[in-house]
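Before any comments, here is the structure.
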Amino acid sequence: MLKESKPLRTVLQTILAVRNILGQSGHSGFSVAHTFDGLPQERLPRHRPTLVDPVTGEFVPVDLHWFREHNPSVLTLAAEMLESTHESRCRLRFLRMLAVGRCVKEEAACRLVWSFLDDLQESPRDAMQQLAQCSSSLCNRDLVEEMGRRAMQFRHLATRELAVLRGHPSMDPTSSFARQLDAIGMRFADVLQAYDDGCHTVADTAVKLCRLGGGPGGLAQRGSPASFDGSAAVLRSLRILGAHLGQEMADACAKRRQHALAVSARAGGTHSTVKLRRHWAPVDTSGHTVVVTSDPDIVRQLRWRPALELQDGPEGGSPAGQGGPAEAGEGGEEARAREEREDFVQRVGNLIHGGVEGVYRRDPVTGRWGRRLDGVDGTGGSDILLGGPRPDI
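With full-length UniProt numbering, letter number 307 in the sequence shown gets 307, and the count goes up by one each step, no holes.
Encoded structure:
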């Protein structure tokens with residue numbers, strides 16, 4: 001299973017490439033048993049200048065967080081490359097599905113074409129599950145010895161005990177008991193054959209694992225203690241690799257997700273904690289709302305908005321909107337002033353009525369009495385004509 005696994009082969013080839021690049025060497029392979037244990041600490045040698053505290057004169061210790069961030073290990077680089085491979089595989093598989101679905105109209109032809117293109121089902125992440133199943137107890141020398149002892153007991157029972165029963169003078173070869181002894185003897189023979197096959201399979205697997213690991217156990221004979229010890233070391237090293245690499249890939253995936261969220265938040269101009277992949281510009285529905293609504297307050301609020309925009313000036317009223325440079329502080333003050341004006345309109349929009357002393361003027365758009373949209377106050381405290389004719393007008 002390990003030798004034929006494409007995800008595991010991708011993982012091992014990636015680690016080999018990273019080690020060769022960092023070490024500037026061309027090794028065709030490394031030993032598995034004693035290589036994967038030190039991958040989290042194996043990194044490119046980078047000497048940072050020693051800093052001395054000018055006050056105390058003592059050496060300042062190196063910041064390990066900075067060191068790990070700027071000098072990643074072989075395992076971290078391999079995890080990032082494998083995560084990039086997984087993302088590219090998912091994207092390519094989706095684009096293939098989209099292209100086949102749109103270009104091929106007939107369903108039968110579409111399935112036929114997809115049967116040739118659907119070769120990206122396996123992912124480097126699948127190797128983590130396979131590595132997690134590796135255990136040194138699979139090729140244990142004690143297990144093989146225990147199986148050998150059990151097989152010897154069954155072989156003794158089948159060859160001697162059953163032979164004594166068959167050779168007894170009172171045994172009738174045509175009786176049911178004789179037929180039962182023959183059936184039991186055949187079952188014992190099958191069990192012994194299964195034991196022998198299992199021992200041979202475990203011994204062969206141990207030798208193959210030693211050859212896969214590239215250690216000295218690959219030259220050991222089948223069933224020797226060296227082969228079992230070497231295979232146990234290879235399986236233990238692969239299991240440790242799966243645990244460390246899985247954690248590194250999870251961390252790399254989390255960092256990429258956070259980076260994508262930060263980029264989308266900056267592109268959308270929002271600093272909220274809402275996790276959005278894309279931030280679309282809000283659709284202006286004020287024109288439709290002012291036509292269909294019958295609420296005078298909503299109409300007044302929507303009619304006030306163009307007046308505020310005219311007060312701010314064309315294109316936002318700031319040099320930044322016209323392509324010129326603008327200070328961040330000035331833009332913030334203008335935005336705050338505009339928000340204050342809008343809040344004032346919302347709070348006192350229904351309280352602009354001048355009272356019993358006011359000279360009322362009716363808004364031709366909303367039908368409400370009070371301040372007009374053209375800036376006419378419509379209120380006064382000297383005469384109470386209630387909108388009637390005046391001699392000075």
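In this text, a Cβ means the ideal position worked out from N, Cα and C, and glycines have one as well.
From a predicted model like this one, the values you see are computed outputs, not experimental measurements.
Task: Rounded straight-line distance, which links the Cα of M97 to that of G148 - done: For the purposes of this step, residue 148 is identified with residue 148 of the sequence shown, where counting begins at 1. For the purposes of this step, residue 97 is identified with residue 97 of the sequence shown, where counting begins at 1. Cα to Cα, the separation comes out at about 54 Å.
Task: Burial state of residue 417, where buried means 16 or more other Cβ atoms lie within 10 Å - done: No statement about residue 417 is possible, as the shown extent of the chain runs from 1 to 393 and does not include it.
Open item on the list: Quick check on the burial criterion: 16 or more other C-beta atoms within 10 angstroms. Buried or exposed for E58?
Closed with: In the sequence shown, residue 58 corresponds to position 58, counting from 1. Exposed, because fewer than 16 other Cβ atoms sit within 10 Å of the Cβ of E58.
Open item on the list: Rounded to whole angstroms, what is the Cα-Cα separation between S137 and K208?
Closed with: On the sequence shown, position 137 is the one that residue 137 refers to. On the sequence shown, position 208 is the one that residue 208 refers to. Here the alpha carbons of K208 and S137 stand approximately 16 Å from one another.
- [ ] For R19, write down the residues that DSSP places opposite it in a beta bridge.
- [x] As a working mapping, residue 19 is identified with position 19 in the sequence shown. Looking at the DSSP assignment, R19 forms no beta bridge with any residue, so it has no partner.
TODO: Just mark P124 as buried or exposed, buried being the case when its beta carbon has 16 or more other beta carbons within 10 Å.
DONE: The residue you call residue 124 lines up with position 124 of the sequence shown. With 16 or more Cβ atoms within 10 Å of its Cβ, P124 is classed as buried.
- [ ] Grab the span of the alpha helix (DSSP H) containing G167 for me, first residue to last.
- [x] In the sequence shown, counting from the first residue as 1, residue 167 sits at position 167. It is not in any alpha helix (DSSP H) - G167 carries neither H nor E in the DSSP assignment.
Open item on the list: Mapping the DSSP letters down to three states, classify R89 as helix, strand or coil.
Closed with: Along the sequence shown, one-based indexing puts residue 89 at 89. For R89, the three-state secondary structure derived from DSSP is helix.
Open item on the list: By the three-class DSSP mapping on this structure, what secondary structure does S123 have?
Closed with: Here residue 123 refers to the residue found at position 123 of the sequence shown. If DSSP states are grouped into helix, strand and coil, S123 belongs with coil.
Open item on the list: DSSP three-state label for S73, please.
Closed with: In the sequence shown, counting from the first residue as 1, residue 73 sits at position 73. Three-state DSSP puts S73 in a strand.
Task: Helix, strand or coil at R222 according to DSSP, with G and I counted as helix - done: Working through the sequence shown from its first residue, we reach residue 222 at position 222. Coil, per DSSP.
- [ ] Specify, as a first and last residue, the run of the alpha helix (DSSP H) that K208 falls within.
- [x] What you label residue 208 is simply residue 208 of the sequence shown in a count that begins at 1. Its alpha helix (DSSP H) spans residues 176-213.
Open item on the list: With distance defined between alpha-carbon atoms, name the residue in R43, S224, T76, Q193 nearest to K255.
Closed with: The count along the sequence shown starts at 1 and reaches residue 255 at position 255. Of R43, S224, T76, Q193, the residue nearest in Cα terms is T76.
- [ ] Per DSSP, which residues does R303 bridge with? Please list them.
- [x] Here residue 303 refers to the residue found at position 303 of the sequence shown. Per DSSP, none; premise fails for R303.
Open item on the list: Let me make sure I understand the geometry here. Which of S5, K6, P40 has the alpha-carbon closest to that of V18?
Closed with: Looking up residue 18 in the sequence shown gives position 18. Among S5, K6, P40, the Cα nearest to that of V18 belongs to P40.
Open item on the list: Which residue wins for smallest C-alpha separation from L16, given the options A78, R43, P72, L192?
Closed with: On the sequence shown, position 16 is the one that residue 16 refers to. For L16, the closest C-alpha among the options A78, R43, P72, L192 is that of A78.
- [ ] Using alpha carbons as the reference points, say which of R166, D172, L131 lies closest to V11.
- [x] Sequence index remark: in the sequence shown, residue 11 carries index 11 (1-based). It is L131.
Task: Bridge partners - R43, DSSP secondary structure assignment - done: Indexing the sequence shown from 1 puts residue 43 at position 43. Beta-bridge partners assigned by DSSP to R43: S73.
Open item on the list: On the criterion of 16 or more Cβ atoms from any shown chain inside 10 Å, does L117 qualify as buried, or is it exposed?
Closed with: Locating residue 117 in the sequence shown gives position 117, counting from the first residue. Within a 10 Å sphere around the beta-carbon of L117 sit fewer than 16 other beta-carbons, which makes this residue exposed.
Open item on the list: Between the alpha carbons of E146 and A163, how many angstroms are there, rounded?
Closed with: Counting from 1 along the sequence shown, the entry for residue 146 is found at position 146. Counting from 1 along the sequence shown, the entry for residue 163 is found at position 163. In a straight line, the C-alpha of E146 is about 25 Å away from that of A163.
Task: Alpha carbon of W114 to alpha carbon of V100, nearest angstrom - done: Locating residue 114 in the sequence shown gives position 114, counting from the first residue. Locating residue 100 in the sequence shown gives position 100, counting from the first residue. Those two C-alpha atoms are separated by around 7 Å.
- [ ] Answer with buried or exposed for G228, where buried requires no fewer than 16 other C-beta atoms within 10 angstroms of its C-beta.
- [x] What you label residue 228 is simply residue 228 of the sequence shown in a count that begins at 1. The amino acid at residue 228 is misidentified as Gly; the sequence shows Phe. Its Cβ being crowded by 16 or more others within 10 Å, F228 is buried.
Task: Three-state class that DSSP yields for E106 in the structure shown - done: Start at 1 with the first residue of the sequence shown, and residue 106 comes out as number 106. In the structure shown, E106 sits in coil (DSSP, three-state: anything other than H, G, I, E or B).
Task: From S88, R222, G198, A194, residue whose alpha carbon lies closest to that of A206 - done: In the sequence shown, residue 206 corresponds to position 206, counting from 1. Considering only alpha carbons, the answer is R222.
TODO: Would you kindly report the start and end of the unbroken alpha helix (DSSP H) that includes V292?
DONE: If you number the sequence shown from 1, residue 292 lands on position 292. Start and end: 286-292.
TODO: Specify the secondary structure class of V283 as computed by DSSP and reduced to three states.
DONE: Position 283 of the sequence shown, counted from the start, is the residue given in the question as residue 283. Assignment of V283 by DSSP, reduced to helix, strand and coil, places it in the coil class.
- [ ] Specify the secondary structure class of H27 as computed by DSSP and reduced to three states.
- [x] What you label residue 27 is simply residue 27 of the sequence shown in a count that begins at 1. Coil, per DSSP.
Open item on the list: Using C-beta distances below 8 Å, list every residue in its chain close to H27, excluding the 5 sequence neighbours before and after it, in chain order.
Closed with: Indexing the sequence shown from 1 puts residue 27 at position 27. So the qualifying residues of the chain are L16, R19, N20.
Task: Whether V290 touches V283 by CB criterion (7 Å) - done: As a working note, residue 290 is residue 290 in the sequence shown. As a working note, residue 283 is residue 283 in the sequence shown. Not a contact, by the Cβ cut-off of 7 Å.
Open item on the list: Let's test the definition: count the other Cβ atoms within 10 Å of the Cβ of G38 and tell me whether it reaches 16, buried, or not, exposed.
Closed with: Within the sequence shown, numbered from 1, the residue matching residue 38 stands at position 38. Label assigned to G38: exposed.
- [ ] Would you kindly check if the distance between the Cβ of P7 and the Cβ of R141 is under 7 Å?
- [x] As a working note, residue 141 is residue 141 in the sequence shown. As a working note, residue 7 is residue 7 in the sequence shown. Cβ atoms of R141 and P7: not closer than 7 Å.
Task: Distance, G29 Cα to R236 Cα - done: Here residue 236 refers to the residue found at position 236 when the sequence shown is read from its first residue. Here residue 29 refers to the residue found at position 29 when the sequence shown is read from its first residue. Near 19 Å, if we compare the C-alpha coordinates of G29 and R236.
Open item on the list: When you compare the CB positions of V191 and F154, do they come within less than 7 Å of one another, or not?
Closed with: Here residue 191 refers to the residue found at position 191 of the sequence shown. Here residue 154 refers to the residue found at position 154 of the sequence shown. The Cβ atoms of V191 and F154 lie closer than 7 Å to each other.
- [ ] Label S170 either buried or exposed according to how many other C-beta atoms from any shown protein chain fall within 10 Å of its C-beta, with 16 as the threshold for buried.
- [x] Mapped onto the sequence shown, residue 170 falls at position 170. Flag for S170 reads exposed.
Task: C-alpha distance - C139 paired with T14, whole-angstrom precision - done: Here residue 139 is taken as the residue at index 139 of the sequence shown, counted from 1. Here residue 14 is taken as the residue at index 14 of the sequence shown, counted from 1. C-alpha separation (whole angstroms): 27 Å.
Task: Spatial distance of A127 from G242 (CA atoms) - done: Position 127 of the sequence shown, counted from the first residue, corresponds to residue 127. Position 242 of the sequence shown, counted from the first residue, corresponds to residue 242. Looking at the two C-alpha atoms, the distance is approximately 8 Å.
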